[in-house]
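One rule links them: number in the working numbering = place in the sequence shown (from 1) + 331.
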Amino acid sequence: MVSNIELNKRQEQILQIVKDNGPITGESIADRLGLTRATLRPDLAILTMAGYLEARPRVGYFYTGKNGQQLLADKIMKIQVKDYQSIPVVVNESVSVYDAIVTMFLEDVGTLFVVDKSSLLVGVLSRKDLLRASLGNQDLTSIPVNIIMTRMPNITMCEKEELLIEVAQKLIEKQIDALPVVKRTERGIEVIGRITKTNMTKALVALSGDELL
């Protein structure tokens with residue numbers, strides 16, 4: 332089953348009736364079970380919203396033919412970046428490595444996005460970048476982040492309409508913790524959000540607890 336909540340006996344009976352006789356009206360299903368249409372309404376609503384059944388006006392209910400795994404896959408393939416993106420944390424390219432480290436600590440993030448004076452994306456800073464720069468006896472207050480950041484065109488990005496599952500694949504392939512969600516304009520590339528491994532985890536938790544599954 333897809334859901335943490337298994338179908339009850341009556342819902343399983345309804346599914347079997349629709350499998351064997353669909354399309355079939357709610358009234359006919361109720362008659363076969365010896366119940367009222369009002370009594371069955373919540374069960375039919377759950378089965379329909381979950382994707383096991385579909386309802387057509389003046390026709391009735393019919394079985395979609397999809398099992399739990401297929402229903403979950405369908406739901407995953409509909410989730411877009413914009414559904415789970417969070418607020419990006421940005422720094423100007425002229426700030427020092429020291430200030431970037433402080434910002435990362437205070438904001439409790441693993442990735443900073445670097446913008447120029449026009450607020451356009453020019454780089455990305457990871458924990459590893461800042462850790463590498465902090466090794467040795469360098470004066471971190473005198474080193475600008477544009478010296479150590481990952482620059483264009485080596486920045487992996489995504490847009491809000493992309494599928495979340497595709498962005499998850501990018502994170503895995505690139506072995507990175509976060510991607511900037513960007514908007515391409517005539518001026519350049521603007522950062523409008525971020526997608527992180529934490530966002531992915533939230534999506535997974537939401538799917539596992541979705542009452543419609």
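Yeah, the Cβ is synthetic: ideal placement off N, Cα and C, and Gly gets one too.
All of these numbers come straight from a predicted model, not from anything done at the bench.
*Which residues DSSP lists as bridging Q411, in chain order*: As a first step, residue 411 is located in the sequence shown; it is residue number 80 there, counting from the start. Beta-bridge pairing links Q411 to L494.
_For G396, the nearest candidate out of L466, N485, S449, T379 (CA to CA)_ = In the sequence shown, the residue the question calls residue 396 occupies position 65. The option with the nearest alpha carbon to G396 is T379.
*Examine the Cβ distances between the segment 470 to 483 and the segment 422 to 435 and report whether three or more of them are shorter than 8 angstroms.*
yes
*asked:* Quick check: the Cα distance between L471 and S457, rounded to an integer number of angstroms?
replied: What you label residue 471 is simply residue 140 of the sequence shown in a count that begins at 1. What you label residue 457 is simply residue 126 of the sequence shown in a count that begins at 1. The straight-line gap from Cα to Cα measures roughly 16 angstroms.
*Length-filtered (4 minimum) alpha helix (DSSP H) runs lying within the segment 450 to 484*: 458 to 465
*Kindly indicate the opening and closing residues of the beta strand (DSSP E) around V349.*
Numbered from 1 along the sequence shown, position 18 holds the residue referred to as residue 349. First-last for V349: 340 to 352, but that is the alpha helix (DSSP H), not the beta strand (DSSP E).
_Which of the three DSSP states is assigned to P373 in this structure?_
If you number the sequence shown from 1, residue 373 lands on position 42. In the structure shown, P373 sits in a helix (DSSP, three-state: H, G or I).
*Is the beta carbon of L538 sitting closer than 7 angstroms to the one on I526?*
Taking the first residue of the sequence shown as 1, we reach residue 538 at position 207. Taking the first residue of the sequence shown as 1, we reach residue 526 at position 195. It is not a contact, given that the beta carbons lie outside the stated cut-off.
*Roughly how many angstroms lie between the CA atoms of K413 and E490, to the nearest whole one?*
One-based indexing of the sequence shown puts residue 413 at position 82. One-based indexing of the sequence shown puts residue 490 at position 159. Each residue's Cα considered, the two are about 8 angstroms apart.
*Between M435 and D460, which are expected to be in contact by the criterion C-beta below 8 angstroms, what is the C-beta distance as a whole number of angstroms?*
As a first step, residue 435 is located in the sequence shown; it is residue number 104 there, counting from the start. As a first step, residue 460 is located in the sequence shown; it is residue number 129 there, counting from the start. The Cβ separation is near 10 angstroms, so there is no contact.
*Report the residue from E493, Y394, L364 whose alpha carbon sits nearest the alpha carbon of Q416.*
Taking the first residue of the sequence shown as position 1, residue 416 is located at position 85. Residue E493 is the option with its Cα nearest to Q416.
*Go through its chain and collect everything with a Cβ distance to V446's Cβ below 8 angstroms, but skip five positions before and after it.*
Against the sequence shown, residue 446 aligns to sequence position 115. Hits under 8 angstroms: V421, V422, N423, E424, L452, V453, V522.
_What does the alpha-carbon distance come out to for the pair I507 and I496?_
Against the sequence shown, residue 507 aligns to sequence position 176. Against the sequence shown, residue 496 aligns to sequence position 165. I507 and I496: Cα-Cα distance of roughly 15 angstroms.
*Assigned secondary structure, Y394 (DSSP; H/G/I helix, E/B strand, else coil)*: Taking the sequence shown and counting its residues from 1, one reaches residue 394 at position 63. In this structure, Y394 counts as strand in the three-state DSSP scheme.
*How is I355 classed by DSSP in three states: helix, strand or coil?*
Locating residue 355 in the sequence shown gives position 24, counting from the first residue. Strand, per DSSP.
*Tell me whether L437 is buried or exposed, calling it buried when 16 or more other Cβ atoms sit within 10 Å of its Cβ.*
As a working mapping, residue 437 is identified with position 106 in the sequence shown. Exposed: under 16 other Cβ atoms inside 10 Å.
_Please identify the residue among D362, G467, V455 whose C-alpha is closest to the C-alpha of P484._
Here residue 484 refers to the residue found at position 153 when the sequence shown is read from its first residue. Looking at the Cα atoms, V455 is the closest of the given residues.
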